[in-house]
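Notes follow once the structure below has been shown.
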Amino acid sequence: MPDYRTLEARKARSRKVCRLLGGRIGEVVSPGLGRWEPGWQVIRVPSLELLKALEEWERTGAEAAMDRAKAKALEVLEAWKEADRLFRDAHTVGRHAAHPEAR
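Counting from 1 along the sequence shown, just add 84 to a position and that's the residue number in our numbering.
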C-alpha cells in the first residue's frame, strides 16, 4: 500500500486521480465537447467540488476526505456524460449527428 503521509505523496496521488479521470472522460465523450461552452456550465460545479475534496485530502490525509474525492470524481464523470448527451442533442439534425467540426 502506498505511503501518503507526506504532502508531496498526496499531491502526486491527486494528480494521478485527475489524469485517470481525464483519460476516462476522453473515452466516453464526443470529440469537440470541450470546445462547447454550454458543456462547461454542466461540469463546472462538480469539478470545483472535486478539486476542493482533493485539496482537503492533500491537507489532512484523512481517508474520509479521499472517499469524498472519489465520490466527487464519479460525479464529475457523470456530469461530463450529461454534457455529452446535451452536446449530441444540440448537434443532431434529424437522425444524423452533425458535430461542429464535421460542418
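Glycine included, C-beta positions come from ideal geometry on N, C-alpha and C. In this text the structure is predicted, and so the values were computed from the model without any measurement.
Backbone secondary structure at residue i - three-state DSSP
i      : result
Ala186 : Reliability of the predicted coordinates at Ala186 is poor, the pLDDT of 49 falling under 50, and the value obtained from them is presented with this limitation in mind. Three-state DSSP puts Ala186 in a helix.
Thr176 : strand
Val113 : coil
Pro86  : coil
Trp120 : coil
Residue burial classification, residue i (beta-carbon count within 10 angstroms, cutoff 16)
i      : result
Glu121 : exposed
Trp124 : exposed
Pro86  : exposed
Leu132 : exposed
Leu117 : buried
Cβ shell of residue i (< 7 Å), same chain only, five flanking positions each side left out
i      : result
Ala157 : Val101, Leu105, Leu134
Ala149 : Ala137, Glu140, Trp141
The ligand ZN heavy atom lying under 7 Å from the CB of residue i
i      : result
Arg152 : Absent from the structure shown: the ligand ZN. Ligands present: none.
Nearest to residue i (by Cα), restricted to the options the options
i      : options                        : result
Pro115 : Asp173, Asp168, Glu140         : Asp168
Arg94  : Val160, Glu166, Glu147, Trp164 : Glu147
Glu162 : Val112, His175, Arg89          : Val112
Residues of its chain near residue i, where Cβ-Cβ distance is below 6 Å and the 5 sequence neighbours each way are ignored
i      : result
Leu138 : Ser98, Ala153
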